[in-house]
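Visitor: Structure incoming, see below.
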Amino acid sequence: MKISSVIVGALVVGLIVGSSVMAGDGRGSMYGGLMVAKSYGQQTGTIGFSGGLADNNAISGWFGYGMSKYIDGRVHLGFWDSGPKTFLMLGGDFKWQFWSVDEGPRYPLDMAVGGFIEYEDKDRGSYLQLGSHLVASYPFKLYERGVLSPYGRLNVRLYRESIEPSSSNSDIKFGLNGGAAWDATNALRFYGEFQIDGNNGVFFGVEFVVM
9 MKISSVIVGA
19 LVVGLIVGSS
29 VMAGDGRGSM
39 YGGLMVAKSY
49 GQQTGTIGFS
59 GGLADNNAIS
69 GWFGYGMSKY
79 IDGRVHLGFW
89 DSGPKTFLML
99 GGDFKWQFWS
109 VDEGPRYPLD
119 MAVGGFIEYE
129 DKDRGSYLQL
139 GSHLVASYPF
149 KLYERGVLSP
159 YGRLNVRLYR
169 ESIEPSSSNS
179 DIKFGLNGGA
189 AWDATNALRF
199 YGEFQIDGNN
209 GVFFGVEFVV
219 M
């Protein structure tokens, strides 16, 4: 077994234990993580679609773009379901990859750090989340075709609930996403993950390279 496999497994287990203790009740992400630590690459553009089966179900789409070799970002648009009604959600995230296994044995994992923002509309108010995240992943080349990348994402965020006309509530929250991305081709990637952050559930996504 490769040492990198052991490291990935230990990281994911550690994140699960840590976030299960810290997450608590509260608003969680409607988008999930759906990202690996490896950056898109400079001037690479993608379009993705996702669905979440969680405490609050949601569907969304995103556009991602590589701003440099190691920095990329995404903008999100979607809708979440509170039961009787459906509401708008907007967001964005970015990450900087500071470790890369492509650079040789010096780095055992792909790792990245970044930030994100989410806004969800609701009846007589809104939710706003602003935070940072740490992402780790490792790409395994499959025997027949493609690359499978297990990943984990830990986030800490400021959560604010606004209730019209003048009430609000703020708190600090933690969350975890863990899953895998499969690069079926150089232009097609599939995601599957679980999330523990106050909007607990599973998320699925597909992403296409368009430029």
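Under my numbering, the residues of the sequence shown are numbered 9 to 219, in order. Using N, Cα and C, we set each Cβ at its ideal position, and we do this for glycine too. All figures in this text were calculated on a predicted structure; none of them were measured in a lab.
Pull the bridge partners of Thr54 from the DSSP assignment, please.
Guide: Its beta-bridge partners are Gly72 and Val217.
Visitor: Does the segment 179-197 come close enough to the segment 71-82 that 3 or more CB-CB pairs lie under 8 Å?
Guide: Output reads no: the segment 179-197 does not touch the segment 71-82.
Visitor: By alpha-carbon positions, which one of Ser37, Gly36, Asp131 and Leu61 ends up nearest to Pro173?
Guide: Answer by Cα proximity: Asp131.
Visitor: Closest to Asp129 by CA distance: which of Gly99, Asn208, Arg114 and Asp63 is it?
Guide: Taking only the C-alpha atoms, the option nearest Asp129 is Gly99.
Visitor: Distance, Cα to Cα, Asn163 vs Arg153?
Guide: The straight-line gap from Cα to Cα measures roughly 32 Å.
Visitor: Between Val214 and Thr54, how many whole angstroms is the CB-CB distance? I'm expecting something under 8 Å.
Guide: About 10 Å; that fails the 8 Å criterion.
Visitor: By the DSSP assignment, the beta strand (DSSP E) with Leu117 in it spans what residues?
Guide: Run containing Leu117: none; DSSP gives neither H nor E here.
Visitor: Taking the alpha-carbon of Glu126 as reference, which of Gly133, Asp118, Gln137 and Ser175 has the nearest alpha-carbon?
Guide: Among Gly133, Asp118, Gln137 and Ser175, the Cα nearest to that of Glu126 belongs to Gln137.
Visitor: One question on the structure: do Glu202 and Trp190 come within less than 8 Å of each other, judged by their Cβ atoms?
Guide: According to the sequence shown, residue 202 is Phe rather than Glu. No, these two residues do not count as a Cβ contact at 8 Å.
Visitor: Alpha carbon to alpha carbon, what distance is there between Gly209 and Thr52?
Guide: Answer to the nearest angstrom: the Cα atoms are 30 Å apart.
Visitor: If you draw a straight line from the alpha carbon of His84 to that of Gly206, how long is it in whole angstroms?
Guide: Answer to the nearest angstrom: the Cα atoms are 20 Å apart.
Visitor: Taking Cβ positions only, does Val44 come closer than 8 Å to chain D?
Guide: As a matter of chain content, chain D is missing from the structure shown, which is built from one protein chain.
Visitor: So, for Val109: in the same chain, excluding its five sequence neighbours on each side, which residues have a beta-carbon less than 8 Å away from its beta-carbon?
Guide: Same-chain partners within the cutoff: Ser12, Tyr115, Pro116, Leu117, Asp118, Tyr146 and Pro147.
Visitor: Taking the alpha carbon of Gly49 as the point to measure from, which residue in Gln105, Ser170, Phe124 and Ala66 has its own alpha carbon closest?
Guide: Out of Gln105, Ser170, Phe124 and Ala66, Gln105 has the C-alpha closest to the C-alpha of Gly49.
Visitor: Give me the DSSP bridge partner(s) of Leu150.
Guide: In the DSSP output, where bridge partners are listed per residue, Leu150 has none listed.
Visitor: Below 7 Å CB to CB, which residues in the same chain sit around Pro171 once its five sequence neighbours on both sides are set aside?
Guide: Note on identity: in this sequence residue 171 is Ile, with Pro being the wrong assignment. Same-chain partners within the cutoff: Arg132 and Gly133.
Visitor: What are the start and end residues of the beta strand (DSSP E) that includes Val5?
Guide: This structure cannot speak to residue 5, because the chain is shown only from 9 to 219.
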